[in-house]
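Below is one structure, written out as structure tokens; the observations come after it.
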Amino acid sequence: MSASHGTSRYGPVFWAAVAVGWMAIAFGAVSALTHWGAVDPPQFLVWIVGLALLHDLVMAPVVSLAGRTLKGARRRWWLGAVEAALAVSAVITLFAVPFVMGWGRQADNPSLLPRNYGFGLILILGSVWAVAGIRLLGRRRRREVVVPSASAETS
Amino acid sequence: MKMDQKLRSLAPPRVGPFREGVFDSPLHEERTAAWLGVALGIAFSVCFLTGLISHGIQHPPGWLQWFPRPSWLYRLSQGIHVTTGIASVPLLLGKLWTVYPRLWAWPPLESVANAVERLSLLPLVGGSLFLLFSGVASISRWLPFSASISFPPAHYAAAWITIGGLVVHVGAKIGATRTALSRGARPGDGTAPMPPIARGLSRRGFLGSIAGAAVTLAAVTVGQTLRPLAWAGALAPRDPRVGPQGVPVNKTAAAARVSTLATDPAYELVVEGSVPSPLRLSLADLRAMPQREARLPIACVDGWSAMATWRGVPVRDVIAAAGGSVDAEASVASLQRAGAPYASSDLDAGQIADQDTLLALELNGEPLALDHGYPVRLIGPNRPGVQQTKWLAKVVVR
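If you're matching them up, the sequences are chains A and D in order. All letters in the first sequence, in the order written, are residues 0 to 154 by numbering that gives the first Met the number 0. All letters in the second sequence, in the order written, are residues 0 to 397 by numbering that gives the first Met the number 0.
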């Protein structure tokens, strides 16, 4: 029943968590403030708030818009596998950016970032889409066997 | 109650993200959020604890005696820290996407408690993003921050801020999470299994994709510390097989500006402090002392590690040769200018008592490469790489 998180959601457990949680947050803030020269608290705060805003006002809307664009095809049998492969590819690519770009490379230290990360990323994304392709093949075969009328409808 | 009603009576602005039906994916729902929340809560707890271990070793509080055995413990702990952090990237992004419509919930605040809950999301979300962003940047040695932000203290402060936000969030959501994940969840109470979707990604498909991305990222990076998987480390910032003498290098001699001093034929290691007979030992003197060989990993805070064979003189033998006491403590300092980061490290009595804590002269059967700390470096069991000081200038006994 929905009553369970209407009334009891902000009970004593919540307020105890608020007390403990904000003590930890205060400890982190004090730690930043007492290492002023190494943390630069104003800039640190700009990064924390800025990354939250970057996510909420740029990344998430872009993903939502991409989802809505795909939604035009909601009735298509391939949508699920393509959505999954797109999401996985996007996250892995995002992670790979600093490696592929080699922003951390140091001329005198070849043991740092020693690989061809662009090639590695292509291999990984290739595997992701190969898995998606295999799933689609399986689904198509099932559709043809089970509901021949549905495939006629979309093609 | 009054505030409650007043806020509810505000008409929602029907624009942008406030429009009805704008977030129409059936995946923006509680059960998906709950599963991701549980996974992320576990992952962040693991990262927090292993992070505290690494911080504690490097900034030991008075009561902490870091033990030298087992020699692989720091390697394991830091490998788990970095790999779990990497696997958290898809978990966090998936979770934020799932609950994103709630950012635009109307009314924006329902009560004082609700305001506190929502305010606590800023340290949680901003802190989480900062932790993963700064962590990934750090292991790739990319420096996106200005020089006034140094990674370790900023990552440490952000960890406390994030974990505090997480505690508040768990306090607010534990009931809803339990309800959403209970088997008895029924259609109509908002926690029911989603109606089957004829086309498009199902909840299982979505969660499976996120889990797949997390496992993939872990698998293509963990080879930096797990040598049998080194071949698969397509996105690993290090290869434990690649580097001078088959071992990766963190800081080169050129970057540390010690090349001239380290290759000076007149080099001598100074042993001083509270010892009755301070010593100045040339490389030949050190080589003439009884040598000991040890198989020890070098395990960097960046999460890579490599096992190697080291050969040199046990620190305790050198202290004994200077007449130092058996339960002495010591610090070692490199040829770098005083105050350079990680130019020195401390050894407590337990570390010194371990006979594998060496002033190493050789690595994998050859004299140390300059970038590995020639002529003499410290290597000890169960120490973070930043405390395996290279290019030693002196041992100061306390």
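For every residue, glycine included, the Cβ atom is placed at its ideal position computed from N, Cα and C.
query                                                                                                           : result
Identified DSSP bridge partners for D:T308                                                                      : D:R294
7 Å Cβ shell around D:A213 - same chain, five flanking residues per side excluded                               : A86, P89 and L90
Three-state secondary structure (DSSP) of D:S119                                                                : coil
Host alpha helix (DSSP H) of D:K377 (start-end)                                                                 : Note on identity: in this sequence residue 377 of chain D is Leu, with Lys being the wrong assignment. Where D:L377 is concerned, there is no enclosing alpha helix (DSSP H), although the beta strand (DSSP E) it sits in stretches over R376 to I378.
Rounded separation between D:R279 and D:V331 - CA only                                                          : 14 Å
Closest residue to D:G245 among D:W309, D:F66 and D:Q77 (Cα-Cα distance)                                        : D:W309
Chain D within 8 Å of A:E82, Cβ atoms only                                                                      : yes
Outcome for D:C61 when other beta-carbon atoms lying within 10 angstroms are tallied against a minimum of 16    : The displayed chain sequence assigns Gly, not Cys, to residue 61 of chain D. It is exposed - the Cβ of D:G61 has fewer than 16 other Cβ atoms within 10 Å.
Beta-carbon spacing of D:A156, A:S110 below 8 Å                                                                 : no
Residues of the segment 260–286 of chain D whose Cβ lies closer than 9 Å to any Cβ of chain A, in chain order   : none
Against chain A: residues of the segment 198–209 of chain D by CB proximity under 9 Å                           : R198, G199, L200, S201, G204, F205, G207, S208 and I209
Cβ-Cβ separation, A:G79 to D:S201 (assumed contact under 8 Å), whole Å                                          : 7 Å
Helix, strand or coil at D:A359 [DSSP, three-state]                                                             : strand
A:W164 and D:F129 closer than 8 Å at C-beta                                                                     : Residue 164 of chain A lies beyond the residue range present for chain A, which begins at 0 and ends at 154; the question has no answer from this structure.
Cα-Cα separation between A:E155 and A:N115, rounded to whole angstroms                                          : This structure gives no information on residue 155 of chain A, because the portion of chain A shown stretches from 0 to 154.
Length of the line joining the Cα atoms of A:F43 and D:V169                                                     : 25 Å
Own chain, CB closer than 7 Å to D:T190, minus 5 neighbours either side, in chain order                         : The pLDDT assigned to D:T190 is 49, lower than 50, so where the model puts this residue is not dependable; a value taken from the coordinates is nonetheless given after this. The answer, listed in chain order, is E29, R30, T178, A179 and A184.
Within chain A, partners of D:S139 - CB distance below 8 Å                                                      : P97, F98, W102, G103 and L112
Residues within the segment 20–38 of chain A neighbouring chain D, beta-carbon criterion of under 8 Å           : G20, W21, M22, A23, I24, A25, F26, G27, A28, S30, A31, H34, G36, A37 and V38
Backbone secondary structure at A:M0 - three-state DSSP                                                         : Here A:M0 scores only 36 on pLDDT, less than 50, and its place in the model should not be relied on; the value that follows carries that caveat. Looking at A:M0 - three-state DSSP - the assignment turns out to be coil, as it is neither helix nor strand.
Residues near D:L260 in its chain [Cβ-Cβ closer than 7 Å; skip 5 each side]                                     : L334
D:G40 (DSSP reduced to helix, strand or coil)                                                                   : helix
7 Å Cβ cut-off: residues of chain A touching D:L362                                                             : Here the premise fails: no neighbours, minimum Cβ distance about 13 Å.
As assigned by DSSP and simplified to three states, the class of D:V395                                         : strand
C-beta neighbour in chain D for A:A46, strict 8 Å                                                               : First, the amino acid is wrong: residue 46 of chain A is Trp here, not Ala. So yes, A:W46 belongs to the interface.
Other residues of its chain near D:V241: CB distance less than 7 Å, five sequence neighbours each side excluded : P247
Host beta strand (DSSP E) of D:A329 (start-end)                                                                 : A329 to S333
Backbone secondary structure at A:P11 - three-state DSSP                                                        : helix
Contact list for the segment 37–58 of chain D against chain A, Cβ threshold 9 Å                                 : none
Simplified DSSP assignment, three categories, for D:G272                                                        : strand
Chain-ordered neighbours of D:T224 on chain A, where CB pairs are closer than 8 Å                               : Going along chain A, no residue has its Cβ under 8 Å from D:T224, so there is no contact; the nearest lies around 14 Å.
Beta-carbon gap between D:I173 and A:V17 smaller than 8 Å                                                       : no
Pairwise C-alpha distance: D:A319 and A:G103                                                                    : 43 Å
Three-state secondary structure (DSSP) of A:E82                                                                 : helix
Beta carbon proximity, D:S119 to chain A, threshold 8 Å                                                         : yes
D:S87: first and last residue of the uninterrupted beta strand (DSSP E) it sits in                              : Here D:S87 belongs to no beta strand (DSSP E); instead the alpha helix (DSSP H) covers L72 to L102.
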